[in-house]
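Number of protein chains: 2
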Amino acid sequence: MKEQANKILIQGAILDGQATDLLIEDNRISRIAPKIESGVDMRLIDGSHKAIVPGMYNCHTHSAMTYFRGYGDDLNLMDWLEGYIWPVEAHLTPEDVYWGSKLACLEMIRSGTAAFLDMYTFPLSTAQAVEDMGLRAVLSYTLFDRDDPERAALDREQSYVYLEKFKAFSDRITFSIGPHAIYTVSGPQLQFCHRFAEENDVLIHLHLSETEGECRDAMEKYGLSPVRYLHKLGVLSPHLVLAHAVWVDEEEMDLLAKYGCKVVHNPASNLKLASGYQFRYEEMRRRGILIGLGTDGTSSSNNLDMYRAMHLAALMGKAWRKDPTAVTARDIYRTATADGAAIMGIDAGVIAEGKLADLCLVDLKKPEMVPCHNLVSNLVYSASGSAVVDTTIVDGRILMLHGKIEGEDEIIDKAAEVAYKLIAKARQAK
Amino acid sequence: MKEQANKILIQGAILDGQATDLLIEDNRISRIAPKIESGVDMRLIDGSHKAIVPGMYNCHTHSAMTYFRGYGDDLNLMDWLEGYIWPVEAHLTPEDVYWGSKLACLEMIRSGTAAFLDMYTFPLSTAQAVEDMGLRAVLSYTLFDRDDPERAALDREQSYVYLEKFKAFSDRITFSIGPHAIYTVSGPQLQFCHRFAEENDVLIHLHLSETEGECRDAMEKYGLSPVRYLHKLGVLSPHLVLAHAVWVDEEEMDLLAKYGCKVVHNPASNLKLASGYQFRYEEMRRRGILIGLGTDGTSSSNNLDMYRAMHLAALMGKAWRKDPTAVTARDIYRTATADGAAIMGIDAGVIAEGKLADLCLVDLKKPEMVPCHNLVSNLVYSASGSAVVDTTIVDGRILMLHGKIEGEDEIIDKAAEVAYKLIAKARQAK
Chain F
4 MKEQANKILI QGAILDGQAT DLLIEDNRIS RIAPKIESGV DMRLIDGSHK
54 AIVPGMYNCH THSAMTYFRG YGDDLNLMDW LEGYIWPVEA HLTPEDVYWG
104 SKLACLEMIR SGTAAFLDMY TFPLSTAQAV EDMGLRAVLS YTLFDRDDPE
154 RAALDREQSY VYLEKFKAFS DRITFSIGPH AIYTVSGPQL QFCHRFAEEN
204 DVLIHLHLSE TEGECRDAME KYGLSPVRYL HKLGVLSPHL VLAHAVWVDE
254 EEMDLLAKYG CKVVHNPASN LKLASGYQFR YEEMRRRGIL IGLGTDGTSS
304 SNNLDMYRAM HLAALMGKAW RKDPTAVTAR DIYRTATADG AAIMGIDAGV
354 IAEGKLADLC LVDLKKPEMV PCHNLVSNLV YSASGSAVVD TTIVDGRILM
404 LHGKIEGEDE IIDKAAEVAY KLIAKARQAK
Chain L
4 MKEQANKILI QGAILDGQAT DLLIEDNRIS RIAPKIESGV DMRLIDGSHK
54 AIVPGMYNCH THSAMTYFRG YGDDLNLMDW LEGYIWPVEA HLTPEDVYWG
104 SKLACLEMIR SGTAAFLDMY TFPLSTAQAV EDMGLRAVLS YTLFDRDDPE
154 RAALDREQSY VYLEKFKAFS DRITFSIGPH AIYTVSGPQL QFCHRFAEEN
204 DVLIHLHLSE TEGECRDAME KYGLSPVRYL HKLGVLSPHL VLAHAVWVDE
254 EEMDLLAKYG CKVVHNPASN LKLASGYQFR YEEMRRRGIL IGLGTDGTSS
304 SNNLDMYRAM HLAALMGKAW RKDPTAVTAR DIYRTATADG AAIMGIDAGV
354 IAEGKLADLC LVDLKKPEMV PCHNLVSNLV YSASGSAVVD TTIVDGRILM
404 LHGKIEGEDE IIDKAAEVAY KLIAKARQAK
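So the protein sequences, as listed, match chains F and L.
Heads up, the first sequence is in our numbering, so the first residue is 4 and it goes up one at a time.
Heads up, the second sequence is in our numbering, so the first residue is 4 and it goes up one at a time.
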């Protein structure tokens, strides 16, 4: 990416229904006013017929799994993992993860996402991809001991190693600790993660209560439902971000609220894997639980477009309750923007002076954006990010300008090449 | 639209995983071969990095309702109709319907749709819009007597008037008869529609069994569920296209199969209005019922993108059954293409020599299309039509070439102007 001016002036865009100018200085929004005098040191962006909107905050994904988009759909979980995903993942190198993550970043920039919370192998490769692409991310080192004490010890050691290594990256990139799930990580290891998060002030990224089977297994193994099990272990805290939390009862939501835990809803994968369609938005919001939205990885969600995730979440939020007034467009827009940013600890998610400059221009001349009686409704119910996002700015840097991203072709070609090579390797190994 | 050559040669596109050339002569696909010699009389289209796919067949919509996109969301049905839609519809003129339909056509061309089955007021205005925009459509004259014999007589008379008037349009445009629903159209009028359809060989476009309430009301009023009521009236036939049919039981599906009725699934509006999320794909397919897919109108679905409708249908088809193997990408792709075309009586929906030239080029270089392990999976689960469709050809005419549609700006501006004017009129009248 070539050197860019530290001052960017967006001229004549629409914000809250009014035409406005918006000035970015360094990495923050410094001024919003009907008319801002342009200076020779400013890069100018024509905002006419465009709306200024916050970037999206994707609170749960596995970015390098872009390689597995469309590779094994419409299958039962274990047939899919054992027959498709695991044999290919066995061949992944750090460089592969770098290119897979770059492809993911490309798709996110194109669809208007500013930051993502990730969990995958070789997180340093993903960090480098994020660094190079200009996005923000919270990247988790995945712990996965399956009650093996040696693996557990190694994972603990590596957590410290990665924590240190992440300091080499810019402050757009944050480290987190990612115990995979309660059925793959032992209780003492979850307690280690809790202490590690407290000591180092990092997030804990955990899959929880995704399927009915997981809850049944927890009852059998621990005599407790998943959230109660975490409570007994003493690991509920504001650092804890729970991906899914589909199968939770009233008392479990009370516990999550009491300890300030966060929840991330992933409608695409919940539906496609038939894990469950409940979205307890009302019950969680009422208790003050912060709810984020995620796409999950493309192996199960197939795309990383947060606008599509908003659409699914709002639609299903109504359908499963048989109530068209449940979960409004504005509710779901907030989970994808302000609340998602808050979960990741990013001072953004709304367009206001002083906030970090993570924002997009949305093309209001696309037919699906016309008429614009209600911008948020059009964004949630009508738009797909990849079709309507015209310009993406993150941390005050222009990552896409009027649909153009530098180096896009190289990433597309390289990632496709690696994807096909990985499948070929896995087939040979059979 | 300016004069175009009658021969179009698409060079080097991908079809079924292989690079191919495809020749269109007049309005049909005349040849598909790895290399076709170009002639000076041919218009050439570069198909590199593009896949050739059939156009989509949207089997249920109310196209001119684009005006109401985002106007009153997240409401109960009657609050929405009485407080928002009806007061504005009262002011609609034929010219308004023309521009609203043009906006709909624009969105459909952009998202890769070739034809639609419509039901709305002033169908001649919609026919003119379709004629001018180059799409295909089956357009219904809406019958709506509410047990008023004078209105019923007028509707019968008008059905013949419209049948005649539609003969003025090209054969891309077909007339159908559209009794709105069993709660708005009397039994004898439904029997008239049945006779009319038989005599004139046209489709009958009817909303049926959309909500649980509709079924309960039918039981109260007729002592029969909706399909059984139609059976008793003697109006089940291969001409009958039922939009929704969410609330049907096994015996009702037997009846639909026995009489060759068609069913159109509309996932976006079913979910958003919380009408019901059942999609009895398996049970209907097994009986041989032809199933199409629809977006419904943008007042309730907010967009007309059939790729988005495929995504919702496939996801919900799995989720409500708690079975990730239910309704595959290929199943749903067929409902949106070949089976949709068959329902509308259009000799297209697959890419093959001799078929009508309704086809699109899909951009394989968009990040959400990479890698391409399985094109159909990417189309159903990852793509949105408005983001990936590069070129749309209908009836052998190029309607969008590499993202460009002639006259687009004028339609966008005019339709937006009318939309805001209509809302203002409705507010003044309050």
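Positions of the beta carbon are idealized from the N, C-alpha and C atoms, including for glycine.
Check, Outcome
"Bridge partner(s) assigned by DSSP for L/V267", "L/A246 and L/G295"
"Beta-carbon gap between L/L296 and L/V267 smaller than 8 Å", "yes"
"Where F/Y280 sits in the DSSP three-state scheme", "coil"
"Every unbroken beta strand (DSSP E) inside the region 13-70 of chain L [3 residues or more]", "21-28, 31-36, 45-49, 53-57 and 59-64"
"Chain L contact residues for F/S448, given Cβ-Cβ distances below 8 Å", "What is shown of chain F runs 4 to 433, which leaves residue 448 of chain F out entirely."
"Cβ of F/R337 within 8 Å of any chain L Cβ", "no"
"Beta-carbon proximity check, F/V330 vs F/A317, cutoff 8 Å", "yes"
"Rounded separation between L/I401 and L/K10 - CA only", "11 Å"
"Under 8 Å between C-beta atoms of L/F147 and L/H183", "yes"
"Sequence-distant residues of its chain with Cβ nearer than 8 Å to L/I35 (five each side left out)", "L18, T23, D24, L25, L26, I354, A355 and E356"
"First and last residue of the uninterrupted alpha helix (DSSP H) at F/C375", "Looking at the DSSP string, F/C375 is not in any alpha helix (DSSP H), and its letter there is neither H nor E."
"Per DSSP, the bridge partner or partners of L/K261", "According to DSSP, L/K261 bridges with nothing at all."
"Short CB-CB distance (under 8 Å) between L/H94 and chain F", "no"
"Which residues DSSP lists as bridging L/T145, in chain order", "L/G181"
"Where L/L415 meets chain F, residues with beta-carbon distance less than 7 Å", "In the sequence as displayed, the identity of residue 415 of chain L is Ile instead of Leu. Result: K368, P370 and V373."
"Between the CA atoms of L/A117 and F/M372 - distance to the nearest angstrom", "21 Å"
"Euclidean distance between Cα positions of F/D412 and L/K368", "8 Å"
"Cβ of L/P327 within 8 Å of any chain F Cβ", "yes"
"Stretch pair the region 281-295 of chain L + the region 329-343 of chain L: three plus CB contacts closer than 8 Å", "yes"
"Rounded straight-line distance, which links the Cα of F/M59 to that of F/V383", "12 Å"
"C-beta neighbour in chain F for L/M4, strict 8 Å", "Per-residue confidence for L/M4 stands at a pLDDT of 46, beneath the threshold of 50, marking its modelled position as unreliable; the derived number appears in the next sentence. No - not a single Cβ of chain F is within 8 Å of the one on L/M4."
"Interface flag, L/E285 vs chain F, CB-CB below 8 Å", "no"
"Beta-bridge partners of L/Y121, as assigned by DSSP", "Residue identity check: residue 121 of chain L is Asp in the sequence provided, not Tyr. L/T64 and L/L142."
"Cβ-based neighbour list, L/R159, same chain, cut-off 7 Å, excluding 5 preceding and 5 following", "F195"
"Positions along the region 267-293 of chain L whose CB lies within less than 9 Å of some CB in chain F", "P270, A271, N273, L274, K275, L276, A277, S278, G279 and Y280"
"Collapsed DSSP secondary structure at L/M403 in the structure displayed", "strand"
"Exposure of F/R113, with buried meaning 16 or more beta-carbon neighbours within 10 Å", "buried"
"Backbone secondary structure at F/H210 - three-state DSSP", "strand"
"contact_flag[the region 242-260 of chain L, the region 40-52 of chain L] where n(CB pairs < 8 Å) is 3 or more", "no"
"Per-residue contacts from L/D77 into chain F (C-beta, under 9 Å)", "A317, K321, P327, T328, A329, V330, T331, A332, R333, D334 and S380"
"CB contact check: L/R324 to chain F, cutoff 8 Å", "yes"
"First and last residue of the uninterrupted beta strand (DSSP E) at L/L382", "Segment: none, L/L382 is in no beta strand (DSSP E) and carries neither H nor E."
"Selected residue, minimal CA-CA separation from F/A386, among L/D308, L/M319 and L/R430", "L/D308"
"Simplified DSSP assignment, three categories, for F/D99", "helix"
"Three-state secondary structure assigned by DSSP to F/M4", "For F/M4, the pLDDT reaches just 46, beneath the cut-off of 50, and the residue's location in the model is therefore unreliable, although a value from the coordinates is still provided. In the structure shown, F/M4 sits in coil (DSSP, three-state: anything other than H, G, I, E or B)."
"CB contact flag (F/M122, F/H197, <8 Å)", "no"
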